[in-house]
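Numbering (this note's numbering) for the sequence shown: 317 to 817. Where is the CB? At the ideal position from N, CA and C, for every residue including glycine. Written below as C-alpha cells is the structure these notes are about.
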Amino acid sequence: MSLLYRFAKLPDRGNSHVFTFVVTKSVTRDLHRDVTSKEFVYGYQKWAITFSRTEKVLGVYLVWRNPSEGMRVYVDFSFTLLNREHFSANETFSGKQVKFSYDSPAQGNRRYIPVHDLYARNFADRNGEFQLELHISSIRTIFEVDLRMPNSAYISNIYKNCPSGRNNNLKLETIYFNFGGFDWNVAVFPNGRDSSEERLVVYLNRLTGFDHQCRVRYIMVLGEGERRIDSGLLDDISDTDGKSYGWAPRIRLADLVHRGASQNFLHIHCEMVTANTLSEVTLSPNPCPLNPAVAGSMASQAVQCYDRDKQAWTLEADTHSETLRVRMAYKDVHNVPRNHLRYVSWSAYLLRYNTKSGTLDPIAFTHAPFSHYYVQEDTDDGIIMETDVTVKEIRDPNSFYLNDKHQVRVQIEWGESYLLFQATYHKYDDVTRVHNYQMRKEIGALQAENYSLERQLFSYQKSIAYAHSRGGTTNEETTTYECTNHRPYLDRCVSTDTEYA
Numbered sequence: 317m318s319l320l321y322r323f324a325k326l327p328d329r330g331n332s333h334v335f336t337f338v339v340t341k342s343v344t345r346d347l348h349r350d351v352t353s354k355e356f357v358y359g360y361q362k363w364a365i366t367f368s369r370t371e372k373v374l375g376v377y378l379v380w381r382n383p384s385e386g387m388r389v390y391v392d393f394s395f396t397l398l399n400r401e402h403f404s405a406n407e408t409f410s411g412k413q414v415k416f417s418y419d420s421p422a423q424g425n426r427r428y429i430p431v432h433d434l435y436a437r438n439f440a441d442r443n444g445e446f447q448l449e450l451h452i453s454s455i456r457t458i459f460e461v462d463l464r465m466p467n468s469a470y471i472s473n474i475y476k477n478c479p480s481g482r483n484n485n486l487k488l489e490t491i492y493f494n495f496g497g498f499d500w501n502v503a504v505f506p507n508g509r510d511s512s513e514e515r516l517v518v519y520l521n522r523l524t525g526f527d528h529q530c531r532v533r534y535i536m537v538l539g540e541g542e543r544r545i546d547s548g549l550l551d552d553i554s555d556t557d558g559k560s561y562g563w564a565p566r567i568r569l570a571d572l573v574h575r576g577a578s579q580n581f582l583h584i585h586c587e588m589v590t591a592n593t594l595s596e597v598t599l600s601p602n603p604c605p606l607n608p609a610v611a612g613s614m615a616s617q618a619v620q621c622y623d624r625d626k627q628a629w630t631l632e633a634d635t636h637s638e639t640l641r642v643r644m645a646y647k648d649v650h651n652v653p654r655n656h657l658r659y660v661s662w663s664a665y666l667l668r669y670n671t672k673s674g675t676l677d678p679i680a681f682t683h684a685p686f687s688h689y690y691v692q693e694d695t696d697d698g699i700i701m702e703t704d705v706t707v708k709e710i711r712d713p714n715s716f717y718l719n720d721k722h723q724v725r726v727q728i729e730w731g732e733s734y735l736l737f738q739a740t741y742h743k744y745d746d747v748t749r750v751h752n753y754q755m756r757k758e759i760g761a762l763q764a765e766n767y768s769l770e771r772q773l774f775s776y777q778k779s780i781a782y783a784h785s786r787g788g789t790t791n792e793e794t795t796t797y798e799c800t801n802h803r804p805y806l807d808r809c810v811s812t813d814t815e816y817a
C-alpha cells in the first residue's frame, strides 16, 4: 500500500509539485497484493504510482490513469527514496519530458533498487516502511487528431448559397478526450457562427460536469505545414451547458484541408493548459445604518457555494475597514476524514462591469491565490480575503462592481485539492526535518569555505598587483604550491553520485 502523506508546491516556472508517499511493508513482502496508490491530480491529469516486484529487485512507475485516444502527455518527473540517515544517501531516478500515451500510460524503472538495499542502506524502518518522494513538473497535454472531411466537391459547395439550408448546420466533431476531470471535444463549423459566413469557427465543447462553469485555457492549431494557423493562448469560459466563446480564424476551411489521394482531412492540434471550475456568488455589502439599533438586522448574510468535490463553503462581505474584505469559510470541514488533512487552493475575483465590452472583468483579490490545510473540526473560523477596492466605492450606487440589486459579484476559481494521510506530526516527518538540517549545515560550511577562498584569492591578486607595480615578478612555484594546497576545498563532495536509469 502507498499512502499520499505530504504535498508541497514549489514556486518555480515548471509548476513543480512534490508528493511524498509512505510505502508499507506489503510492497516488498506480499508479491500478489495490488500496491498501486490512490489517484492524485497533477496538471489536470490523474496519476498513481505503482511497483513491480521480484524477490530481489523493486521497480517503480508513474501511471497516467485517464488516458484518451489521440492524447499524449509530456512531463518531467523523478522518484527519490528518502534515506533515514543522510540526504546524500538518497536514491533518485529521473526522466525529462517523458511521453505518456494511450498505448503507453506507465513509465518508470523496473530495476530501481535491490530489495536487500532497502534495509541494508537504511531506507526502510523496523516495520518495513519507507518514504518515496515524487517530484513532477513541466507538464504538456496535447490532443491531436486528423478529422476526416467530405470530398472536395462538397467542401467547395459549402461556401455557395444554398436556399434550402441543406449545409447551414454542417458541424464536424472530433472524438472526446479527458482533461481536468471533464470530457471535451473539438467542433468545427465551416459556415461560421450564424451559418452565413464564409469563415469557419472552432469550439472547444465540454461534454460533462455541467453543475459548474469552467475557465479553460488552451492553444488550437489547425492544418499542417503551409496550411497551418495557430490561435495562440485562448482564455475561454465554458458555461453550464458546456459551450464556449470559440475561436474564429479569418480563413476558410477549404484553405486548411489536406487533400489526399483517397481521403481529405483537417489536422487538429489542441494543447490544453488549464481547466478550473468556477463558483459565482452575489454578496450584499453592509450598509451604513443611520440607526445603530437596526445595524444587526441589516448585516450581510453569508452566501453558500460548492467546490468541485461538492463541499460547501460560505462567503460574507466585510465592510468594517477602508477596503472591502470577504470572509470565506469551509462549511463542510466536519466531512474531512479522521486522521487526514485536506489541502485546498483557490483564487478569488471581484467582477467589474466593463462599459466598453459589456462584459464582466475579473479583478483579483490581493494576495491571491489562497490555500489552506483543513482537519476535521466542528466549524471553520474562515479566511479573510482582502481587496484594493474601497468601501466608499462599493457603497456608491453607480459603482461598476454592483449589479442591479446593489450586490457585489465574487467569483471563486477552484484550484487543487488533495487528501493527505496523517493529520498530526509523525515520525515520518523527522526524516525530512533531519535532511533539511543536514542540507543547511552543509550549505553553511560551503559558504564559509567559499568566503575563505575568495579572501585568499583577493590577497593573491593584491600581491600580484603590488609586484607588477614595483616591476617585479611573482614566484610561480610559490603560487602553484599555495593553489595546490587549497584544491581539497574545491574537490569537496557533499553528496554521493546516483546512477540514473
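Counting C-beta pairs with one atom in each stretch, the stretch 723 to 734 and the stretch 652 to 663 have three or more that are closer than 8 Å, which means they touch. Residue 451 places its beta carbon less than 9 Å from that of residue 394. When DSSP states are grouped into helix, strand and coil, residue 553 belongs to the strand group. Put simply, of 742, 516, 706, 591 the residue whose alpha carbon is nearest the alpha carbon of residue 565 is 516. Of the candidates 652, 582, 619, 701, 701 places its Cα closest to the Cα of residue 637.
Residue 325 is bridged by DSSP to 333. Checking the DSSP bridge columns, you'll see residue 532 partnered with 552, 591.
Contact between residue 536 and residue 457 is ruled out by a C-beta separation of about 13 Å, above the 8 Å threshold. Distance from the Cα of residue 417 is smallest, within the candidate group 361, 428, 439, 463, for 361. Minimum Cα-Cα distance from residue 652 among the listed residues 706, 739, 401 corresponds to 739. Annotation for residue 707: 601, 635, 637, 638, 639, 640 place their beta carbon closer than 8 Å to its own, counting only its chain and skipping 5 residues before and after.
Shown here, residue 439 sits in coil according to DSSP, grouped into three states, outside any helix or strand. It is roughly 24 Å from the alpha-carbon of residue 414 to the alpha-carbon of residue 500.
Approximately 7 Å separates the beta-carbon atoms of residue 630 and residue 619; this is inside 8 Å, confirming the contact.
In terms of Cα proximity to residue 324, the closest of 761, 317, 337 is 337.
Cβ contact annotation for residue 571 (same chain, cutoff 7 Å, sequence separation greater than five): 543, in chain order. DSSP places residue 403 within a helical segment (H, G or I) once states are collapsed to three. Rounded to the nearest whole angstrom, the CA to CA distance from residue 466 to residue 507 is 14 Å.
Under the 8 Å Cβ criterion, the stretch 663 to 682 counts as touching the stretch 712 to 720, having at least three qualifying pairs.
Going by DSSP, residue 491 is part of no alpha helix (DSSP H) at all; its letter is neither H nor E. DSSP places residue 774 in the uninterrupted alpha helix (DSSP H) bounded by 743 to 785.
DSSP places residue 571 within a helical segment (H, G or I) once states are collapsed to three. Here the alpha carbon of residue 547 sits roughly 49 Å from the alpha carbon of residue 694. A buried status is given to residue 383, since no fewer than 16 other beta-carbon atoms sit within 10 Å of its beta-carbon. When the alpha-carbon of residue 445 is set against those of 453, 454, 435, the nearest one is in 435. Shown here, residue 657 sits in a strand according to DSSP, grouped into three states.
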